[in-house]
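27 is the number of the first residue of the sequence shown in the numbering used here; add one for each residue after it.
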Amino acid sequence: MKDFMMIFIGPSYEDLGLSQEELQNRMSKWFAWNGKMEAQGILKGGNALVSTAKRVSGKDRVITDGPFAESKELVGGYYIVSAKDADEVVKIAEDYPDYDLDGTVEIREVMVFDQ
Numbered sequence: 027m028k029d030f031m032m033i034f035i036g037p038s039y040e041d042l043g044l045s046q047e048e049l050q051n052r053m054s055k056w057f058a059w060n061g062k063m064e065a066q067g068i069l070k071g072g073n074a075l076v077s078t079a080k081r082v083s084g085k086d087r088v089i090t091d092g093p094f095a096e097s098k099e100l101v102g103g104y105y106i107v108s109a110k111d112a113d114e115v116v117k118i119a120e121d122y123p124d125y126d127l128d129g130t131v132e133i134r135e136v137m138v139f140d141q
């Protein structure tokens, strides 16, 4: 088994103006998906991320405060899961709750360095 990061990209719930009821419904979907992965023993961790950010760039280490104007989407969070391969993670990602909001799941294998 390998570890993979599922990175969740999409619009901010705040920007969408979801009602309290819509937010609760959406959170229920997230908790159900999270619980399903926990029950399967494949979820290793993850977190939601706030929309504000800082970037440090280049040799001069220029600091920029976000959210960033050039980005219409934000990285809202991530999960780390164990799977045989990326195709298996694509199947796991079928239950991602925010596809209906044009959300995206980016899947990347976690690199392991030999010591």
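A virtual CB, placed ideally from N, CA and C, is assigned to each residue, including glycine.
TODO: Sort L44, E40, M63 by Cα distance to E120 and report the nearest one.
DONE: Counting from one through the sequence shown, the residue named residue 120 turns up at place 94. If we check each option's Cα against that of E120, M63 comes out closest.
Task: Residue nearest to G118 in terms of C-alpha spacing, selected from D126, L127, S108 - done: Numbered from its first residue, the sequence shown carries residue 118 at position 92. With the sequence shown as reference, residue 118 is identified as Ile, and Gly is not the correct amino acid for it. I118 has its Cα closest to that of S108, out of D126, L127, S108.
Open item on the list: With DSSP as the reference, identify every bridge partner of S108, one or two as the case may be.
Closed with: Start at 1 with the first residue of the sequence shown, and residue 108 comes out as number 82. According to DSSP, which records beta bridges pairwise, S108 is partnered with D29.
Open item on the list: Along the chain, where does the beta strand (DSSP E) containing E64 start, and where does it finish?
Closed with: For the purposes of this step, residue 64 is taken as the residue at position 38 of the sequence shown. Segment 46-66 is the alpha helix (DSSP H) holding E64; no beta strand (DSSP E) there.
Task: At least three beta-carbon pairs within less than 8 Å, the region 59-75 to the region 100-116 - done: yes
TODO: Would you mind reading off the limits of the beta strand (DSSP E) that contains D91?
DONE: Within the sequence shown, numbered from 1, the residue matching residue 91 stands at position 65. Unbroken beta strand (DSSP E) run through D91: 88-91.
- [ ] Return the CA-CA distance between K110 and E135, expressed in angstroms with no decimal places.
- [x] Here residue 110 is taken as the residue at index 84 of the sequence shown, counted from 1. Here residue 135 is taken as the residue at index 109 of the sequence shown, counted from 1. Distance between the alpha carbons of K110 and E135 is about 11 Å.
Open item on the list: Looking at the strands, I want to know which residues DSSP matches up with A74.
Closed with: Walking along the sequence shown from the start, residue 74 turns up at place 48. Looking at the DSSP output, A74 shares a beta bridge with G103.
Open item on the list: With the cut-off set at 8 Å, would you say D126 and G36 are in Cβ contact?
Closed with: Within the sequence shown, numbered from 1, the residue matching residue 126 stands at position 100. Within the sequence shown, numbered from 1, the residue matching residue 36 stands at position 10. Their beta carbons are not under 8 Å apart, which means D126 does not touch G36 by this criterion.
Open item on the list: If the criterion is Cβ atoms closer than 8 Å, does the pair G92 and A112 meet it?
Closed with: What you label residue 92 is simply residue 66 of the sequence shown in a count that begins at 1. What you label residue 112 is simply residue 86 of the sequence shown in a count that begins at 1. Not in contact: G92 and A112 (Cβ atoms no closer than 8 Å).
Open item on the list: Looking at the secondary structure, which residues open and close the beta strand (DSSP E) in which E135 lies?
Closed with: Residue numbering aside, residue 135 sits at position 109 when the sequence shown is read from its first letter. Residues 130-135.
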